[in-house]
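Residue numbers (the working numbering): 13 to 161.
Note sheet for the following structure.
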């Protein structure tokens with residue numbers, strides 16, 4: 013066997029191996045999705061269930077539906093509260109860990125904004141110097157005329 017043949021055979025084996033690996037990965041992924049996929053709930057057609065009922069049956073059916081919904085919410089309530097508490101703890105821990113960084117960042121941010129504001133004020137007064145001075149002169153003239161009266 014020459015070198016070219018060996019390279020070709022090696023490449024074929026490598027591609028075959030990649031293909032097997034990919035198939036295995038896809039198979040495992042599919043199995044995992046089947047395990048973790050949520051159960052499919054039956055779709056309830058309320059028109060069929062509620063149209064041909066008497067008043068008493070209708071009210072009892074509505075109460076039953078409300079009871080089921082409330083029990084579902086109550087079941088989820090504990091999970092939701094636990095998740096919120098876990099999030100708060102995680103957030104608090106994060107803020108404690110990064111307190112110095114946050115304070116430093118806040119300080120830098122305030123200084124940067126202060127500098128930007130100074131620059132803006134300088135530019136603003138330079139641009140509108142004549143307008144501002146004219147307004148001040150007008151106010152002074154108005155005040156003088158009021159005092160002289």
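Every residue gets a Cβ at the ideal spot worked out from N, C-alpha and C, and that includes glycine.
So what does DSSP say about residue i, is it helix, strand or coil?
i	result
residue 155	helix
residue 51	coil
residue 65	coil
residue 25	helix
residue 56	coil
Going by Cα to Cα distance, which pick from the options is closest to residue i?
i	options	result
residue 73	84, 61, 82	61
residue 56	71, 44, 77, 37	77
(Q) Could you tell me which whole alpha helix (DSSP H) segments of length 4 or greater appear in the region 82–151? (A) 111–139
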